[in-house]
Each structure stands twice: as structure tokens, then as C-alpha cells.
Amino acid sequence: MMDFDSIPKLIIMCGPFKGCLGILRLLEIILSCLCFIIVLFRGRMVSPWGVWCEFVWVFCIVVPVVLTVVEARMWHILLAAFLPNWADLTCGLTILCAAMIASATLIFAAVFVCLTCVVSILCFIVSLVATFIFLIDALKQKLGCPSGYLSSPRGVLRTAEAFTACIILAAAADHFVNAEWYFRPLGMICSIIVFAACLLVTVVIMVLNLLCSTLRQWCLYLLAIILWCVFGYKRYMYNPYICNKCSYTDLNTVTIGAIVNLVFYIFLMRKIFNGQQFDKCPTVNYN
Numbered sequence: 000m001m002d003f004d005s006i007p008k009l010i011i012m013c014g015p016f017k018g019c020l021g022i023l024r025l026l027e028i029i030l031s032c033l034c035f036i037i038v039l040f041r042g043r044m045v046s047p048w049g050v051w052c053e054f055v056w057v058f059c060i061v062v063p064v065v066l067t068v069v070e071a072r073m074w075h076i077l078l079a080a081f082l083p084n085w086a087d088l089t090c091g092l093t094i095l096c097a098a099m100i101a102s103a104t105l106i107f108a109a110v111f112v113c114l115t116c117v118v119s120i121l122c123f124i125v126s127l128v129a130t131f132i133f134l135i136d137a138l139k140q141k142l143g144c145p146s147g148y149l150s151s152p153r154g155v156l157r158t159a160e161a162f163t164a165c166i167i168l169a170a171a172a173d174h175f176v177n178a179e180w181y182f183r184p185l186g187m188i189c190s191i192i193v194f195a196a197c198l199l200v201t202v203v204i205m206v207l208n209l210l211c212s213t214l215r216q217w218c219l220y221l222l223a224i225i226l227w228c229v230f231g232y233k234r235y236m237y238n239p240y241i242c243n244k245c246s247y248t249d250l251n252t253v254t255i256g257a258i259v260n261l262v263f264y265i266f267l268m269r270k271i272f273n274g275q276q277f278d279k280c281p282t283v284n285y286n
């Protein structure tokens, strides 16, 4: 006989998945896991298109899990100094997942599904259902009208650029895999390098736009300190100066000064986190 006293405990245990948003995320996680498990039973994916589909399903597992854990633990409040607009980030990631899993579903159907491939057909059906769940979740969050970079036309275009670049690279990789081993024209290889470089730049621009301006400056300062120390102290036996102590004096002055300034940025971020300057956190648009 069912113990009704255990029902409240069960509800508490399922706390992160309460409400419409929680149920949608739970379905996204379950369906994406099923797709990945089914395709593992199908066999090893060698084709770049298959690798892309596997990557998409894993990505669509990780994103809802991370978002759910962060919101359940209230960590998004701690991240407010670094990510001022959490609703915009969750909406943008959900839309990206919807686009990615839709592409994986269509690609898997076009490349791997056949009339006698029962496992592939099952994987396609589950992935198709997951696509509809992600689309419903994305539409529901978009109707909430979050304001931010990823929800703006510029952010949507950047996301579309990155997504399209991934499809281009997967198609290019599949082309070279199926071509003769000696067919590696320099022009086509240069094209792939350009596509990959543009994808990297697009992702960096999106990350910089999501982060608070103070954190951007802190990251750049930290990178500058690391580069200065690595290349400055690397050749400690070589002294281009006439004065023996001048070289280390200048090196140490720059290093110590940069570290002190880095500490100032940390204190500034603490003030932003405490709410003293949260509303004044500037946003910079990278076109």
C-alpha cells in the first residue's frame, strides 16, 4: 500500500523539476540521454555527421542539467557580478539547443535512417520529440521577453553565425573523409582554417558581450600578467641592459603594478556583486 506520508518528501526531492519549466528541462534531459544511448547501441560513429549528432545530444544534456543545478543552488545570484543577465543567457542557450538538436535530427534522418534500420528510426523519433520539447521551451522563454545580448538581433545573428559555421565545418570534414586521401587542395584547407578562425572569433565576441565589462578587464589584465611573466622571466640569464639590475627592476615593477591593479579590479567586482554598482555595469557592443 502506498505511503502518502512519503509524497511530500518525493515532491521536495523533485524540487528542481517542479513547474512547467522544470518539467520541460527534465524531458529535454531524458530524451537527449535516450538519443545518445540508442546511438551507442547502434555502433561507433565514424562519419563527421555522426560525431556532430553525438556532440549535439551531449550538449543538449549538459545545458539543461547545468542550468537546473545553478538555479536550484541559487548560484546564478553569485554569478550576477559576472553574468548580469541570467534570463538572457538561459533563453539564448535554450534557443541554441533547439536549433542544434533540430539540425542533428534532420542530419541523422538524411544520413543514417533507412527502412530496415530499426535502431536508427527509433533514435530519429526520440530526437524529433526532443526537438519539439526544446522548441516549446525556447518559445516559452522567448515570450517572456528577456532583455540582453543573446535576445537582441545582434546576438541572434551571432548565434546563427556560430551555428552555421559548425555545420560548415562538419560538412567540410565529411567531404575530406569521403574523398581520396591525396585530395587535399591547399585552397580548400585554407578555407577551412578561415571558417574555424571566424567561428572562434564569433564565440569570443559572444562571451565578451555576455560578461560584465569589469570582468572583461580583469580577464585581460590576468592574461597580460601571465604573458608578461612568461616571456619576461623566461630568459632570466639574458640581460639586454647595460645595467645589471635595471632589467629586473623594470620587470618587477610592471609585474607588481599589474597585480596591484588586478586586486583593485577584484574589489570593484565585489562592490558590483554587493549591489553598489550593479545597475551601472556597462555593456559594450562588439559588432
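According to numbering that gives the first Met the number 0, the sequence shown is numbered sequentially starting from 0.
Using N, Cα and C, we set each Cβ at its ideal position, and we do this for glycine too.
Beta carbon of residue i nearer than 9 Å to that of residue j
i    : j    : result
A103 : C32  : no
I224 : A195 : no
L88  : L219 : no
A170 : V50  : no
G231 : G147 : no
D136 : L39  : no
R41  : C122 : yes
T201 : R153 : no
Rounded distance between the beta-carbons of residue j and residue i, thought under 8 Å
i    : j    : result
L198 : A172 : That belief does not hold up - the Cβ atoms of L198 and A172 are roughly 13 Å apart, past 8 Å.
C34  : V118 : No, C34 and V118 are not in contact; Cβ-Cβ is about 11 Å, not under 8 Å.
R30  : I132 : It should be pointed out that residue 30 corresponds to Leu in this sequence rather than to Arg. Yes, they are in contact, since the Cβ atoms of L30 and I132 sit about 6 Å apart, within 8 Å.
W56  : V110 : No, W56 and V110 are not in contact; Cβ-Cβ is about 15 Å, not under 8 Å.
T93  : Q140 : 6 Å
L95  : F162 : 7 Å
C-alpha distance - residue i paired with residue j, whole-angstrom precision
i    : j    : result
P289 : M44  : Lying before the first or after the last residue shown, residue 289 is absent from the chain, which here runs from 0 to 286.
L26  : T130 : 11 Å
I100 : L261 : 41 Å
A71  : A97  : 22 Å
E160 : S46  : 23 Å
C228 : I120 : 56 Å
M205 : T115 : 43 Å
H75  : F54  : 26 Å
L134 : C59  : 12 Å
P63  : F263 : 35 Å
F107 : I192 : 26 Å
K17  : L207 : 33 Å
L138 : I36  : 27 Å
Practice task
Just list the alpha helix (DSSP H) runs in the stretch 53-111, keeping only unbroken ones of 4 residues or longer that don't cross its boundaries, in chain order.
Solution key: 74-77, 85-110
Practice task
With a floor of 4 residues, list each alpha helix (DSSP H) that falls wholly inside the stretch 117-146, ordered by position along the chain.
Solution key: 117-142
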